[in-house]
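Count the sequence shown with the numbering used here and you get residues 11 to 198, in order. No residue lacks a Cβ here, since even glycine has one placed at the ideal position from N, Cα and C. To start, the structure under review is shown below, and the notes come after it.
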Amino acid sequence: MRLHTAGPRSGLMRLAKADPAFGSPYWARPWGGGLALARHLLDCPESVAGRRVLDLGAGSGLVAIAAMLAGARAAWAVDVDPYAVAAIGLNAAANGVSVEATLADLTTGDPPAVAFVLVGDLFYDAVLAERVLAFLDRCRAAGVAVLIGDPWREFLPTERLRVVAEYPVADFGDPAGMTRPAAVFALI
Numbered sequence: 011m012r013l014h015t016a017g018p019r020s021g022l023m024r025l026a027k028a029d030p031a032f033g034s035p036y037w038a039r040p041w042g043g044g045l046a047l048a049r050h051l052l053d054c055p056e057s058v059a060g061r062r063v064l065d066l067g068a069g070s071g072l073v074a075i076a077a078m079l080a081g082a083r084a085a086w087a088v089d090v091d092p093y094a095v096a097a098i099g100l101n102a103a104a105n106g107v108s109v110e111a112t113l114a115d116l117t118t119g120d121p122p123a124v125a126f127v128l129v130g131d132l133f134y135d136a137v138l139a140e141r142v143l144a145f146l147d148r149c150r151a152a153g154v155a156v157l158i159g160d161p162w163r164e165f166l167p168t169e170r171l172r173v174v175a176e177y178p179v180a181d182f183g184d185p186a187g188m189t190r191p192a193a194v195f196a197l198i
């Protein structure tokens, strides 16, 4: 799988200087939970094959792209950052797949018309984790399956999760690229 990522010559610093609303380019590198979830989808394509999936908080689109490569019927990647939405399109094209990228915050809305909600790395902040979990609960109540990839971050609701698979990953922000355990969880 190919992803456009930030590096010393990527030009992100010029973009950040040109746009005061640029924010943090979290979408410019894969995060540990997304890596684990993408690996799981590629290892177990039957989980998403032929189904429509939502990649919530998609960042680079890694998980949505993996779902398409695993045979998903359609992947909808949603993020709140317009630069992430642009990165999703570029990364999907680099992998020869079609992903519907949308700029939105779905956490306050109704469950989407999908078979799976895929969530990578959205439990790093208490307020965000609470909003995401409430949305995922509404999805589960509507019959939508939920898979979460996460390297055991502080606000992960472990008491509500069942481990499906575990992978060693290099997580975002680790300058040495050291691996740490991450897991794929089913929300129960």
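Thinking C-beta only, is residue j closer than 9 Å to residue i?
i, j, result
"F133", "L157", "no"
"R190", "A175", "no"
"G81", "G159", "no"
"A152", "R12", "no"
"P122", "L64", "yes"
"N101", "G71", "yes"
"A68", "I98", "yes"
What would DSSP say about residue i, mapped onto helix, strand or coil?
i, result
"Y36", "helix"
"Y93", "helix"
"T15", "coil"
"P55", "helix"
"R170", "helix"
"A175", "strand"
"F195", "strand"
"G99", "helix"
"A74", "helix"
"A28", "helix"
"A155", "strand"
"R141", "helix"
"R61", "coil"
"D147", "helix"
If I measure Cβ to Cβ from residue i and keep anything under 7 Å in the same chain, skipping five residues before and after, which residues do I get?
i, result
"G33", "D91"
"L47", "V73, L128, G130, L157, G159, V194"
"C149", "P121, V127, V156"
Across which residues does DSSP place residue i in a beta bridge pair?
i, result
"W41", "Paired residues: none, contrary to the question."
"L66", "V88, V129"
"G187", "According to DSSP, G187 bridges with nothing at all."
"A180", "T189"
"D160", "A193"
"E110", "W86"
Starting from the C-beta of residue i, find all residues in its chain whose C-beta is less than 6 Å away, skip the five residues before and the five after it, and write them out in chain order.
i, result
"L113", "P92, V95"
"L116", "V88"
"L52", "A76, A80"
"A84", "R62"
"A186", "none"
"P40", "L72"
Are the C-beta atoms of residue i and some chain C residue less than 9 Å apart?
i, result
"V179", "No chain C is present in this structure, which holds just one protein chain."
Using C-beta distances below 8 Å, list every residue in its chain close to residue i, excluding the 5 sequence neighbours before and after it, in chain order.
i, result
"H50", "S57, L157, G159, V174, A175, Y177, V194"
"A26", "F32, P35"
"F182", "Y36, R39, P40, W41, G42, D131"
Would you call the region 137 to 149 and the region 68 to 77 touching, i.e. three or more CB-CB distances under 8 Å? Fewer than three Cβ pairs drawn from the region 137 to 149 and the region 68 to 77 lie within less than 8 Å of each other, which leaves the two stretches out of contact.
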